[in-house]
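Colleague:
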Amino acid sequence: MSSQTLPKITFLLIAISLITLLVAPPGVSARQPAQTPQQEIDAYITERMQALDIPGLAIAIVRGNQVEYMKGYGRADESGRAMTPQTPLLVASFSKPITALAVMQLVEQGKLELDAPVQTYLPWFRVADEAYSSQITVRHLLNQTSGFSEEEGYLRNLDTRFSEDALEASIRELENQALVHPPGTTFEYSNTNYDLLGLLIQTVSGQSYESYIQDYIFDPLEMINSYTSLAEARAANLASGYYPFFGVNTPWEERIPYTRIVVPSAGLFSSAEGMAHFLIAQMNGGEYNGQRLISPAGVESMHTLETYYSENAGYGLGWVIFPFPQLAAVSPDGSTPTGISHGGRWIGYRSLMVFVPELDLGMVMLINKSDPVYGDTLDNIGWSTILLASGLEPIAPNEIEFVSLYGRSLLVGLILVLLTGLAWAAGKIRALSRKQEFQPGEQRKIITQFGLLTVLDLAVIALFVFNLIPERLGSLAMGLAFDPDFGWLYVIILGLAIGGGLLRTAFFARAYTGATNQSRETVAK
Numbered sequence: 004m005s006s007q008t009l010p011k012i013t014f015l016l017i018a019i020s021l022i023t024l025l026v027a028p029p030g031v032s033a034r035q036p037a038q039t040p041q042q043e044i045d046a047y048i049t050e051r052m053q054a055l056d057i058p059g060l061a062i063a064i065v066r067g068n069q070v071e072y073m074k075g076y077g078r079a080d081e082s083g084r085a086m087t088p089q090t091p092l093l094v095a096s097f098s099k100p101i102t103a104l105a106v107m108q109l110v111e112q113g114k115l116e117l118d119a120p121v122q123t124y125l126p127w128f129r130v131a132d133e134a135y136s137s138q139i140t141v142r143h144l145l146n147q148t149s150g151f152s153e154e155e156g157y158l159r160n161l162d163t164r165f166s167e168d169a170l171e172a173s174i175r176e177l178e179n180q181a182l183v184h185p186p187g188t189t190f191e192y193s194n195t196n197y198d199l200l201g202l203l204i205q206t207v208s209g210q211s212y213e214s215y216i217q218d219y220i221f222d223p224l225e226m227i228n229s230y231t232s233l234a235e236a237r238a239a240n241l242a243s244g245y246y247p248f249f250g251v252n253t254p255w256e257e258r259i260p261y262t263r264i265v266v267p268s269a270g271l272f273s274s275a276e277g278m279a280h281f282l283i284a285q286m287n288g289g290e291y292n293g294q295r296l297i298s299p300a301g302v303e304s305m306h307t308l309e310t311y312y313s314e315n316a317g318y319g320l321g322w323v324i325f326p327f328p329q330l331a332a333v334s335p336d337g338s339t340p341t342g343i344s345h346g347g348r349w350i351g352y353r354s355l356m357v358f359v360p361e362l363d364l365g366m367v368m369l370i371n372k373s374d375p376v377y378g379d380t381l382d383n384i385g386w387s388t389i390l391l392a393s394g395l396e397p398i399a400p401n402e403i404e405f406v407s408l409y410g411r412s413l414l415v416g417l418i419l420v421l422l423t424g425l426a427w428a429a430g431k432i433r434a435l436s437r438k439q440e441f442q443p444g445e446q447r448k449i450i451t452q453f454g455l456l457t458v459l460d461l462a463v464i465a466l467f468v469f470n471l472i473p474e475r476l477g478s479l480a481m482g483l484a485f486d487p488d489f490g491w492l493y494v495i496i497l498g499l500a501i502g503g504g505l506l507r508t509a510f511f512a513r514a515y516t517g518a519t520n521q522s523r524e525t526v527a528k
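Going letter by letter, the sequence shown gives residues 4 to 528 in the working numbering.
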């Protein structure tokens with residue numbers, strides 16, 4: 004090779020390298036082969052778990068009547084046991100679609116009628132309004148338009164009864180419960196609807212709700228590691244649920260509130276593999292592996308929107324129905340596909356199932372963590388998995404609002420402010436108790452200072468009682484059970500504002516009266 008040829012070859016190689024760098028996308032080698040959708044999903048989930056400090060997650064993707072991808076990530080508990088697709092977790096409110104399927108089976112058997120009043124099957128059933136008692140139908144319970152309140156439904160989670168008659172006893176106690184809407188008029192999500200459906204299943208089938216679900220749903224669907232009680236799930240190595248107590252992931256499974264009266268609405272357990280079988284039946288006209296649980300028409304009726312809760316989304320018979328515009332790009336005719344989904348959340352657990360009939364694609368995700376700050380962001384992992392499985396980009400990470408992101412710190416800061424106010428007041432009260440004479444204008448100044456502290460207390464009480472507690476916790480009892488660190492911070496703040504404020508006012512009034520009398524006596528002398 005001549006000395007003139009070598010520089011030309013070198014120059015050519017450099018030029019090719021520069022062109023390659025310009026064409027290649029940032030951070031990706033041009034020689035690196037494209038990732039498969041499964042590899043992208045795997046990488047995405049791993050990254051999100053690290054970013055959100057998720058202990059364990061299990062996922063299954065279904066296409067048609069086959070499980071296309073199934074994997075467990077992270078750990079199931081503090082022993083380091085691996086999370087797998089067979090690990091059971093609490094599915095919480097995803098129990099509702101399972102209960103809805105059981106109801107529709109009994110409808111097709113002629114044992115229930117969708118538009119029959121509940122009193123047809125439970126003649127003793129009552130709510131506070133006698134007229135409304137006879138108007139609530141099976142359909143109203145399924146599509147969440149019975150009129151029961153969301154708050155009342157959640158408070159049921161705090162009942163700890165486990166007796167054989169616990170479910171019926173809790174429903175009988177609704178005789179004093181006022182409805183928040185006339186039956187059949189307005190959507191309001193309430194666990195009470197599905198617990199009542201559980202009692203209907205129990206009544207018309209002649210067996211317990213739990214045994215019916217096992218015999219007619221879990222067994223024929225071969226729902227691996229699926230259970231109808233906490234005791235059974237624990238015996239089968241239930242994944243420990245984690246809660247970020249003051250920001251630190253803490254195992255909470257041994258302390259979770261659990262009761263037999265909400266098993267139909269929120270108390271079932273399953274694995275990603277078991278839920279994938281349920282998903283296949285939903286996507287294939289009620290059939291799984293040759294076993295038919297319900298007719299195609301019955302499945303279609305469950306997936307049909309019956310009542311709106313927002314401008315373009317609503318509820319069917321146990322399912323949320325909504326447009327999925329992100330998938331229009333891969334829709335066969337370019338239209339916006341319909342998404343069908345349901346999720347669940349309990350302290351320590353989060354679940355989500357999503358499927359798109361037009362694409363014959365579905366996904367189930369189970370997580371052994373709940374987080375009041377990153378709740379919807381956890382669900383976005385599941386939504387993004389559907390997008391990635393369709394060859395699309397995942398959802399961009401949520402921007403959490405400042406107040407939510409630093410909520411614990413802000414609450415601790417408010418506690419310090421209230422404590423500082425009480426400490427200052429204590430010093431002033433001690434000084435007042437020894438005061439012999441007021442200087443000109445001093446009394447007005449002291450009254451103004453203590454008046455401002457009272458205004459602060461009243462503002463805090465109003466903010467928490469009328470806004471923060473109902474909006475963020477539902478109630479203090481719910482907060483202590485499901486968001487315990489926030490719940491306790493709220494209790495401390497209200498205790499300081501109410502209790503501390505009353506004590507401060509009482510001691511101030513006593514000290515001020517004494518000081519005023521002493522000052523008058525001093526002046527008189």
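All C-beta atoms in this analysis are idealised placements derived from N, C-alpha and C, irrespective of residue type, glycine included.
#1: What is the residue span of the alpha helix (DSSP H) that Trp491 lies within?
#2: Below 6 Å CB to CB, which residues in the same chain sit around Phe511 once its five sequence neighbours on both sides are set aside?
#3: In chain order, which alpha helix (DSSP H) runs of at least 4 residues are fully inside the segment 62 to 97?
#4: Leaving aside the five residues before and after Gly277 along the sequence, list all residues of the same chain whose C-beta is less than 7 Å from its C-beta, in chain order.
#5: Taking only the alpha-carbon atoms, compute the straight-line gap between Arg513 and Gly416 and give it to the nearest angstrom.
#6: Do Met305 and Gly321 come within 8 Å of each other at the CB atom, strictly closer than that value?
#7: How big is the Cα-Cα spacing for Leu362 and Phe128?
#8: Could you give the uninterrupted runs of the alpha helix (DSSP H) lying entirely in the segment 178 to 238, keeping only those of 4 residues or more?
#9: Please state if the CB of Lys448 and the CB of Ala518 are separated by a distance shorter than 8 Å.
#10: If we define contact as Cβ-Cβ less than 8 Å, is Ala332 a contact residue for chain D?
#11: Can you round the beta-carbon distance between Ile264 and Arg164 to whole angstroms, since I take them to be within the 8 Å contact cut?
#12: Counting C-beta neighbours from all protein chains within 10 Å, is the total for Ala332 16 or more, i.e. buried, or is it exposed?
#13: Which residues does DSSP pair with Ile370 in a beta bridge?
#14: With DSSP run on the structure shown, which of helix, strand or coil describes Ala465?
#15: Can you list, in chain order, the residues of its chain whose CB lies under 7 Å from that of Asp486, leaving out five sequence neighbours each side?
#16: Less than 7 Å separating the Cβ of Leu60 from some heavy atom of the ligand NAP?
#17: Among the candidates Leu241, Ala269, Pro247 and Val266, whose CA atom is the shortest distance from the CA of Glu256?
#18: Is there contact between the segment 72 to 79 and the segment 372 to 386, where contact requires at least three CB pairs shorter than 8 Å?
#19: With distances taken Cα to Cα, identify the nearest neighbour of Ile529 among Leu330, Thr87, Gln122 and Ser214.
#20: Sort out for me which residues DSSP pairs Phe272 with in a bridge.
#21: Taking all protein chains shown into account, do 16 or more other C-beta atoms lie within 10 angstroms of the C-beta of Pro473, making it buried, or fewer, making it exposed?
#22: Which residue comes first and which comes last in the beta strand (DSSP E) that contains Thr253?
#23: Just to confirm my understanding: we take Phe272, look at its own chain, exclude 5 residues before and 5 after, and list those with CB closer than 7 Å. What are they?
#24: Can you tell which of Pro126, Tyr291 and Met356 has the C-alpha that lies nearest to the C-alpha of Pro100?
#25: Should the segment 151 to 162 be called in touch with the segment 175 to 193, which here means at least 3 C-beta pairs below 8 Å?
#26: Just grab the DSSP bridge partners of Gly365 for me.
#27: Which residue marks the beginning of the beta strand (DSSP E) containing Val302, and which one marks its end?
#28: On the DSSP bridge assignment, give the partners of Gly248 in chain order.
#29: Thinking just about the alpha-carbon of each residue, which of Tyr47, Val323 and Ser137 is nearest to the one in Pro186?
#30: Taking the alpha-carbon of Gly503 as reference, which of Gly244, Leu471, Thr457 and Ala484 has the nearest alpha-carbon?
#31: Compare the C-alpha of Ser96 against each of Tyr245, Thr262, Met366 and Gly347 and name the closest.
#32: Report the rounded CA-to-CA distance for Ile344 versus Ile450, giving the unit in angstroms.
#33: Spatial neighbours of Phe325 within its chain, please: C-beta separation below 6 Å, excluding the five flanking residues on both sides.
Modeller: With the given structure in hand:
#1: Position 488 of the sequence shown, counted from the start, is the residue given in the question as residue 491. First-last of the alpha helix (DSSP H) with Trp491: Pro487 to Leu497.
#2: Here residue 511 is taken as the residue at index 508 of the sequence shown, counted from 1. Cβ within range, chain order: Ile432 and Phe453.
#3: none
#4: As a working mapping, residue 277 is identified with position 274 in the sequence shown. So the list reads Met226, Ile227, Asn228 and Ser229, once near-sequence residues are dropped.
#5: Here residue 513 corresponds to residue number 510 of the sequence shown, with the count starting at 1. Here residue 416 corresponds to residue number 413 of the sequence shown, with the count starting at 1. Cα to Cα, Arg513 sits roughly 30 Å from Gly416.
#6: Taking the sequence shown and counting its residues from 1, the one referred to as residue 321 is at position 318. Taking the sequence shown and counting its residues from 1, the one referred to as residue 305 is at position 302. Against a cut-off of 8 Å, the Cβ pair of Met305 and Gly321 comes out as a contact.
#7: Residue 362 sits at position 359 when you count from the first residue of the sequence shown. Residue 128 sits at position 125 when you count from the first residue of the sequence shown. Leu362 and Phe128: Cα-Cα distance of roughly 43 Å.
#8: 194 to 208, 212 to 216 and 233 to 238
#9: Reading the sequence shown from its first residue, position 515 is the one you call residue 518. Reading the sequence shown from its first residue, position 445 is the one you call residue 448. No, the pair does not count as a contact, with Cβ atoms beyond the cut-off.
#10: This model lacks chain D altogether, as it is built from one protein chain only.
#11: Numbered from its first residue, the sequence shown carries residue 264 at position 261. Numbered from its first residue, the sequence shown carries residue 164 at position 161. Ile264 to Arg164, Cβ: 6 Å. Contact.
#12: Counted from its first residue, the sequence shown places residue 332 at position 329. So Ala332 counts as exposed.
#13: Taking the first residue of the sequence shown as 1, we reach residue 370 at position 367. Leu60 and Arg353, per the DSSP bridge assignment.
#14: Residue numbering aside, residue 465 sits at position 462 when the sequence shown is read from its first letter. Note: Ala465 maps to helix in three-state DSSP.
#15: Locating residue 486 in the sequence shown gives position 483, where the first residue counts as 1. Hits under 7 Å: Pro375 and Leu476.
#16: The ligand NAP is absent from the structure shown, which contains no ligands of any kind.
#17: Locating residue 256 in the sequence shown gives position 253, counting from the first residue. Closest option to Glu256, Cα to Cα, is Leu241.
#18: no
#19: This structure cannot speak to residue 529, because the chain is shown only from 4 to 528.
#20: Counting from one through the sequence shown, the residue named residue 272 turns up at place 269. BP columns for Phe272 point to Leu93 and Tyr230.
#21: The residue you call residue 473 lines up with position 470 of the sequence shown. Exposed, since its Cβ has fewer than 16 Cβ neighbours within 10 Å.
#22: In the sequence shown, counting from the first residue as 1, residue 253 sits at position 250. Residues Val251 to Pro254.
#23: Position 269 of the sequence shown, counted from the first residue, corresponds to residue 272. So the qualifying residues of the chain are Pro91, Leu92, Leu93, Val94, Ser229, Tyr230, Ala236 and Leu241.
#24: Locating residue 100 in the sequence shown gives position 97, where the first residue counts as 1. Among Pro126, Tyr291 and Met356, the Cα nearest to that of Pro100 is on Met356.
#25: yes
#26: Your numbering for residue 365 matches position 362 in the sequence shown. Looking at the DSSP assignment, Gly365 forms a beta bridge with Val65 and Phe358.
#27: Your numbering for residue 302 matches position 299 in the sequence shown. Unbroken run through Val302 is the alpha helix (DSSP H), Pro299 to Met305; no beta strand (DSSP E).
#28: Taking the first residue of the sequence shown as 1, we reach residue 248 at position 245. With the sequence shown as reference, residue 248 is identified as Phe, and Gly is not the correct amino acid for it. In the DSSP output, where bridge partners are listed per residue, Phe248 has Val251.
#29: Along the sequence shown, one-based indexing puts residue 186 at 183. The residue with the shortest Cα to Cα distance from Pro186 is Ser137.
#30: Sequence index remark: in the sequence shown, residue 503 carries index 500 (1-based). Of Gly244, Leu471, Thr457 and Ala484, the residue nearest in Cα terms is Thr457.
#31: Along the sequence shown, read from residue 1 onward, the residue named residue 96 stands at position 93. Cα-wise, what sits closest to Ser96 is Gly347.
#32: For this step, residue 344 is matched to residue 341 along the sequence shown. For this step, residue 450 is matched to residue 447 along the sequence shown. This sequence places Ser at residue 344; Ile is not what is there. Going from the Cα of Ser344 to the Cα of Ile450 covers about 59 Å.
#33: Along the sequence shown, one-based indexing puts residue 325 at 322. Hits under 6 Å: Ala316 and Gly342.
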